[in-house]
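Participant: Take a look at this one; I'll ask things after.
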Ligand code: GUN
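Numbering (my numbering), first residue to last: 6 to 289.
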């Protein structure tokens, strides 16, 4: 039997409507949420991402600002730009688009962002809060993936969850979120031995590897929930980490690519920005 589809298009559209309502309420109280994106260089994938962020701000009524910097920008210049945005009362969320050019220190730049304006949740303060189970900003992609599971009413407590990939952007925070939901979590990576033995145990399988069609049907437990975080460009087409056509015949639930988790990232970024704007009002 073919799997149920977790429809990122529909779920993100609903979430954006909720965010737009919150933005309207904030505006009525005199605050327009503002999101600033810093883009260093002109990586084509990043350009698309930044454009979609701008569109999302427009759809939900937020202020959007894009700061473009040359690929040979210095660390000092980047951090000075972040400082300016930290001090700007019109900006509630700051995002430094990754990856940065190799000569720049990514973590140093990210930790320059005020933790309360860090809508990506990449500041070490927010990373620590997530690890400790304390309230903080949670990275958009894993938060969006979890939101999809929850909005479909999928039970998580006590389930075996396997995350493939250990990046700071997706794999590690995804593992933390699933642990918070009382899953038993295994994180697999490029040095994992017998990957298939692990993935076949998974009730919830999350792939964040960045390799097209890496997850094949023989790696999936029948009835499992398969979450594909991969966005791979092959011959001008966007393809996930999961071999969708094969795996959908085995899985119980599956996220498509495109139209899956990717849609949730932007919606969650907008939601995190609305949270940040609400926090400023609650502090006053
Ligand atoms: N590049 C790819 N994904 C992301 C993300 O979620 N945030 C930022 N800042 N850069 C990214």
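In this text, a Cβ means the ideal position worked out from N, Cα and C, and glycines have one as well. Note that the structure is predicted; figures quoted are calculated from it, not measured.
Any residue with its Cβ nearer than 6 Å to a heavy atom of the ligand GUN should be included. What is that list in chain order?
Facilitator: 100, 101, 102, 103, 125, 145, 146, 174, 270
Participant: My assumption, with CB atoms under 8 Å, is that residue 180 sits in contact with residue 168. Please give the rounded CB distance.
Facilitator: Numbered from its first residue, the chain shown carries residue 180 at position 175. Numbered from its first residue, the chain shown carries residue 168 at position 163. In this structure, residue 180 and residue 168 form a Cβ contact; the two beta carbons are roughly 5 Å apart against a cut-off of 8 Å.
Participant: Per DSSP, what kind of secondary structure is residue 118 in: helix, strand or coil?
Facilitator: Locating residue 118 in the chain shown gives position 113, counting from the first residue. Here residue 118 sits in coil by DSSP.
Participant: So for residue 73, helix, strand or coil by DSSP?
Facilitator: Position 68 of the chain shown, counting from 1, holds the residue named residue 73. Strand at residue 73.
Participant: If you drop the 5 nearest sequence neighbours on each side, which residues of the same chain put their C-beta closer than 6 Å to that of residue 203?
Facilitator: Looking up residue 203 in the chain shown gives position 198. For residue 203, where only same-chain residues beyond five positions count, the Cβ hits under 6 Å are 167, 191, 193.
Participant: Expressed to the nearest angstrom, what Euclidean distance is found between the alpha-carbon atoms of residue 36 and residue 63?
Facilitator: Reading the chain shown from its first residue, position 31 is the one you call residue 36. Reading the chain shown from its first residue, position 58 is the one you call residue 63. In a straight line, the C-alpha of residue 36 is about 16 Å away from that of residue 63.
Participant: Apart from the five residues on each side of it in sequence, which residues of its chain come closer than 7 Å, Cβ to Cβ, to residue 171?
Facilitator: Locating residue 171 in the chain shown gives position 166, where the first residue counts as 1. Cβ neighbours of residue 171 beyond the five flanking positions: 177, 192, 194.
Participant: Would you decide whether residue 128 is buried or exposed? Buried here means 16 or more other CB atoms lie within 10 Å of its CB.
Facilitator: By one-based count along the chain shown, residue 128 stands at place 123. Answer is buried; the Cβ neighbour count reaches 16.
Participant: Going by DSSP, name the residue or residues bridged to residue 39.
Facilitator: Start at 1 with the first residue of the chain shown, and residue 39 comes out as number 34. Beta-bridge pairing links residue 39 to 68.
Participant: Return helix, strand or coil for residue 103, following the three-state DSSP convention.
Facilitator: Working through the chain shown from its first residue, we reach residue 103 at position 98. Residue 103 falls in the coil class under three-state DSSP.
Participant: Under 8 Å, do residue 279 and residue 38 count as touching if we go by C-beta distance?
Facilitator: Taking the chain shown and counting its residues from 1, one reaches residue 279 at position 274. Taking the chain shown and counting its residues from 1, one reaches residue 38 at position 33. Judged by beta-carbon spacing, residue 38 lies within the 8 Å limit of residue 279, meaning their Cβ atoms are closer than that value.
Participant: By how many angstroms is the C-alpha of residue 145 removed from the C-alpha of residue 94?
Facilitator: Counting from 1 along the chain shown, the entry for residue 94 is found at position 89. Counting from 1 along the chain shown, the entry for residue 145 is found at position 140. Taking the straight line joining both Cα atoms gives about 23 Å.
Participant: Exposed or buried, which one is residue 270 when buried takes at least 16 other CB atoms within 10 Å?
Facilitator: Indexing the chain shown from 1 puts residue 270 at position 265. When all chains shown are included, residue 270 counts as buried.
Participant: Tell me which residue opens and which closes the alpha helix (DSSP H) that residue 183 is part of.
Facilitator: What you label residue 183 is simply residue 178 of the chain shown in a count that begins at 1. Note, residue 183: alpha helix (DSSP H), 176-185.
Participant: Between which two residues does the beta strand (DSSP E) harbouring residue 262 extend?
Facilitator: Taking the first residue of the chain shown as position 1, residue 262 is located at position 257. Where residue 262 is concerned, there is no enclosing beta strand (DSSP E), because DSSP gives it neither an H nor an E.
Participant: So the candidates are 216, 258, 221, 148; which of them puts its Cα closest to the Cα of residue 228?
Facilitator: Indexing the chain shown from 1 puts residue 228 at position 223. Looking at the Cα atoms, 258 is the closest of the given residues.
Participant: Following the continuous beta strand (DSSP E) through residue 169, name the residue where it begins and the one where it ends.
Facilitator: Looking up residue 169 in the chain shown gives position 164. Its beta strand (DSSP E) spans residues 165-169.
Participant: Taking the alpha helix (DSSP H) that residue 238 falls in, what are its first and last residues?
Facilitator: Working through the chain shown from its first residue, we reach residue 238 at position 233. That residue, residue 238, is in no alpha helix (DSSP H); its beta strand (DSSP E) goes 237-239.
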